[in-house]
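Okay, structure first, notes after.
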Amino acid sequence: MSQTVDEAPGAERAALRAGGRRKPSSRRRKEAFYFWLFISPWLIGFVGFLLGPMIASVYISFTEWDSFTPPQWVGLDNYAKALTEDPVFWKALGNTFYYALISVPLGLVIGVWLANLLNKRVRGRKLFRTFIYLPTLVPLVATAMVFKMVLAPSGPLNDLLGWFGVDGPAWLLDPTWVKPALIVLSAWGAGGATVLLLSAMNGIPRELYEAAEIDGAGSWRQFWSVTFPQITPVIFFNLIMGLIGSFQIFSQVYILTAGGPDNASQMIVPLLFREAFSFYHFGYASAVAWLLFLVILALTLVAFRWSRSWVFYEQEVR
1 MSQTVDEAPG AERAALRAGG RRKPSSRRRK EAFYFWLFIS PWLIGFVGFL LGPMIASVYI
61 SFTEWDSFTP PQWVGLDNYA KALTEDPVFW KALGNTFYYA LISVPLGLVI GVWLANLLNK
121 RVRGRKLFRT FIYLPTLVPL VATAMVFKMV LAPSGPLNDL LGWFGVDGPA WLLDPTWVKP
181 ALIVLSAWGA GGATVLLLSA MNGIPRELYE AAEIDGAGSW RQFWSVTFPQ ITPVIFFNLI
241 MGLIGSFQIF SQVYILTAGG PDNASQMIVP LLFREAFSFY HFGYASAVAW LLFLVILALT
301 LVAFRWSRSW VFYEQEVR
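Take a look at the structure:
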């Protein structure tokens, strides 16, 4: 005869009223132990090398600290200095915007164009795909050193322009041309985006192209009506990653120009690096870093909002 809840002993009654829930078995506790054990290296690294320094930098941004003496609390003075007193900060921010707003769309256009070409059924396309992706495997420092020779006043690029009767500029020494030179360097790494876009194109159902052909659509119309809408999620991903990466540009500027000439190529991250490790203004550098974070966050939110009007996500048919 079954026991009712009221007839059961006290401990049993509590278990019955809780829906028959029992304590986790020893096997589940063991699985939980191993779970935390295996992710502990990542957790330690995350807290010790990312979350911890981020929290510390928030505090340091409200202080004046040279890493040798105790930090002195100054409140919002570092932020006020960046926004109202330091013209180099605004010049670096303007240069960074200039670089990002040209290099990111340029990289996307080149990536889509190359992916569309590599998606064609032509002989040797696997070899071409390898050649396109290879530059992304070269360390950025090595790439910058090569481009430093290419962009020299008497370098190969100006020699090539001379064959066409064009007197090439001193790319890295001319304030007018130094940012375009950095943008040209950024296009060298378009192979990473190309691979992702090519993968997205390979996943488009062939039936969509067949239906477009039946309707009389040519290759150009097929690209805009079939290919482009299907790859917009990957384009959007590359847009966000490119935007974040371009606002954090450092190695190219540090190696090629050090921010010169006359701060014409100075960017935000090289600026805060210089303030922190050359002038030992760690408080001011931390404030600049958090201002950069707010700029990137705002632009990312705007991009996500804008994506609703053009990014196509395939709906599940129920």
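The letter at position 302 of the sequence shown is residue 302 when you use full-length UniProt numbering, and the numbering goes up by one with no holes. Backbone N, C-alpha and C fix where the C-beta goes; we use that ideal spot for every residue, glycine too.
For secondary structure counted as the alpha helix (DSSP H) over 4 or more consecutive residues, the stretch 47-79 holds these complete runs in sequence order: 52-60.
Runs of alpha helix (DSSP H) with 4 or more residues, each lying fully within the stretch 251-303, are found at 251-256, 268-277, listed in chain order. By the C-beta criterion, the stretch 219-232 is judged to be in contact with the stretch 193-209, since at least 3 inter-stretch pairs fall below 8 Å. The stretch 158-173 and the stretch 278-286 do not touch, with fewer than three beta-carbon pairs separated by less than 8 Å. Contact annotation: Ser67 and Ala289 have beta-carbon atoms that are not nearer than 8 Å. Boundaries for Leu83: no alpha helix (DSSP H) harbours it, and the DSSP string shows neither H nor E there. Boundaries of the alpha helix (DSSP H) harbouring Lys148: 140-150, taken from the DSSP string. Contact between Val234 and Leu196 holds: their C-beta atoms lie close to 5 Å from each other, under 8 Å. Per the coordinates, the alpha-carbon of Glu275 lies some 17 Å from the alpha-carbon of Thr84. In this structure, Leu137 sits away from Arg129, with a CB-CB distance that is not shorter than 8 Å. Judged by pairs of C-beta atoms under 8 Å, the stretch 93-113 touches the stretch 252-267, as three or more such pairs exist.
Here Leu134 is exposed, its C-beta having fewer than 16 other C-beta atoms within 10 Å. In the DSSP assignment, Asp159 falls within the alpha helix (DSSP H) that extends over 156-163. DSSP places Trp171 outside both helix and strand once states are collapsed to three, so it counts as coil. In the three-state DSSP reduction, Glu314 falls in the coil class, being neither helix nor strand. With fewer than 16 other Cβ atoms inside 10 Å of its own Cβ, Trp42 counts as exposed. Annotation for Gln230: the continuous alpha helix (DSSP H) segment containing it runs 228-247. Rounded to whole angstroms, the Cβ separation of Gly111 and Ala190 is 5 Å, and the two are in contact under 8 Å. The alpha-carbon separation between Pro180 and Phe250 amounts to approximately 16 Å.
The residues Phe62, in chain order, have a CB closer than 7 Å to that of Gly75 in the same chain once the five nearest residues on each side in sequence are set aside. Counting the other CB atoms within 10 Å of its CB gives Ser186 a total of 16 or more, which places it among the buried residues.
Counting the other Cβ atoms within 10 Å of the Cβ of Ala100 gives 16 or more, which makes it buried. In this structure, Leu239 sits near Val104, with a CB-CB distance shorter than 8 Å.
Of the other Cβ atoms in all chains shown, 16 or more fall within 10 Å of the Cβ of Gln252; this residue is therefore buried. For Leu114 and Leu272, the gap between their C-alpha atoms comes out near 36 Å. Phe164 and Asn158 have their alpha carbons spaced roughly 10 Å apart.
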